[in-house]
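Shown next, in structure tokens, is the structure this report addresses.
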Amino acid sequence: ATSGFWILQSLPRKTQYKLFEPWQLQILPRTAMCLLLGGFLTLFFRPLSVYHLNRRSDSVIPYDNIIPALFNQLKEVMLQRTGRDVKGYPVVFGLATAYSATFVNISVFLTLLAVLLLGSDQALAAVLLTLSLWVLAVISSVSRRNKGELGEVPWWNVVAWGLSCLHFFYATGHQASFSTIDWKTAFLLSSGSSLTSYVIPAALVVANVFSSHLLHAVLLPLLLIVPHTLANLSPRLAPTCDARRAELELFERDRQLYCAAFKLALQYMLFFGQRVFGCMLSASIHARHLMVWSIFAPKLIFEGIAFIVTLPSMMIGFFLLQRITSRLDCLLRDIQR
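Per our numbering, the sequence shown runs over residues 2 to 338.
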């Protein structure tokens, strides 16, 4: 849907209005937005990407593969006669990467949302943004695992994450000035050039301008998750038995996980808070400067809005982390029954 919308947008204006009505041009972006919202809601209600293999016996014998089916039924009958448990051990696929798989899904959805808002010109920058976040999380995880610092995130990791956010703010074609704002995003879901409501267009413009802050804040828990993911992908990095449990170690030590997540959130808030304070201080010092309303005041406004966008986005990421833990607990309880 997004690619089709880009193709329609690349046509000349006269050709667009000759072939389509104004409301018809908005079908594709509205469809893409509805699908993304549905994906986000589904991910929050059912965040787990694991599969529990049901090993209950089936009385129906498939004729296309009859010999293995007969063998399995005879095996179960013999086990019943000996008094052993027929079900055996539960088989669950994906438990070792339960947290990272969910954040892979939400990173894909957020990238598609950023691509839709930024347009075809900045689509590559949005994709590189997400890829660089995962690479940065892997580099941070390798260095921390070598030093044995898995419980806490060092300050240099938080600073690197914040600097990456600021870098991609400019890499996606934005500047800290009102003249560089892409106001076309406000009309992305509205037909014609008139707006009936200013809430949704304003939200789209803010999401477009601060898409880098949104993605970095939501994916901030990767700094806690990826070190345990590497233990599953590369056993060399997991010399102990506790580390080899990969992301199940996060579930078993959920209190330590929440404490580390709270500390990480405070560190990230402090990083952006000191930027807002620095902009306030510079604006007050240069209050009588000739360029105060063209440089210092817009910079302060942009930093304040970025801080406001970062806070709820960061809460969404950590709420998703808590949802994964609660759903894992429900899944393991169901398996034990």
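We put the CB at the ideal spot given by N, CA and C, even for glycine. Keep in mind the model is a prediction, meaning the values are calculated, not measured.
Give a single yes or no on whether residue i has its beta carbon closer than 7 Å to a heavy atom of the ligand GTP.
{"i": "Leu190", "result": "The ligand GTP is absent from the structure shown, which contains no ligands of any kind."}
Residue i by DSSP, collapsed to three states: which one?
{"i": "Tyr199", "result": "coil"}
{"i": "Phe211", "result": "coil"}
{"i": "Asp59", "result": "In this prediction, Asp59 scores a pLDDT of 49, lower than 50, which makes its location untrustworthy; no coordinate-derived value is stated."}
Apart from the five residues on each side of it in sequence, which residues of its chain come closer than 7 Å, Cβ to Cβ, to residue i?
{"i": "Tyr171", "result": "none"}
{"i": "Ala97", "result": "Asn233, Ala247, Glu248 and Leu249"}
{"i": "Phe252", "result": "Thr326 and Leu329"}
{"i": "Gly305", "result": "Val277"}
{"i": "Thr311", "result": "His214, Ala218 and Phe273"}
{"i": "Thr230", "result": "Thr98, Ser101, Ala247 and Glu248"}
Could you spell out the range, first to last residue, of the alpha helix (DSSP H) harbouring residue i?
{"i": "Val109", "result": "Ala99 to Leu119"}
{"i": "Gly95", "result": "No alpha helix (DSSP H) contains Gly95, which DSSP labels as neither H nor E."}
{"i": "Gln268", "result": "Asp255 to Ile286"}
{"i": "Ile325", "result": "Ala298 to Gln337"}
{"i": "Met34", "result": "Ile28 to Phe46"}
{"i": "Gly163", "result": "Trp156 to Ala172"}
{"i": "Val227", "result": "Leu223 to Leu234"}
Apart from the five residues just before and just after residue i, which ones in its own chain have a Cβ nearer than 6 Å to its Cβ?
{"i": "Val206", "result": "Thr186 and Ala187"}
{"i": "Leu189", "result": "Pro30 and Leu205"}
{"i": "Ser60", "result": "Because the pLDDT of Ser60 is 48, which lies under 50, any placement of that residue in the model is unreliable, and the number read from its coordinates should be weighed accordingly. Excluding positions up to five away in sequence, the list is empty."}
{"i": "Thr181", "result": "none"}
Might you give, ordered along the chain, the residues of its own chain that have their beta carbon closer than 8 Å to the beta carbon of residue i, omitting 5 neighbours on each side?
{"i": "Ser144", "result": "none"}
{"i": "Thr112", "result": "Ala127, Val128, Leu130, Thr131 and Leu216"}
{"i": "Val227", "result": "Ser101, Trp135, Ala138, Val139, Ser141 and Ser142"}
{"i": "Leu37", "result": "Phe110, Leu113, Leu114 and Leu117"}
{"i": "Leu1", "result": "The first residue shown for the chain is 2 and the last is 338, placing residue 1 beyond what the model contains."}
> Is the segment 203 to 219 touching the segment 161 to 174 in the sense that three or more CB pairs, one from each, lie closer than 8 Å?
Replying inline: Proximity of the segment 161 to 174 to the segment 203 to 219 meets the contact definition, three or more beta-carbon pairs being nearer than 8 Å.
> Are three or more beta carbon pairs between the segment 98 to 109 and the segment 309 to 328 nearer than 8 Å?
Replying inline: Yes, the segment 98 to 109 touches the segment 309 to 328.
>> I want to know whether the segment 133 to 140 touches the segment 262 to 273 - three or more CB-CB distances under 8 Å.
In response: Output reads no: the segment 262 to 273 does not touch the segment 133 to 140.
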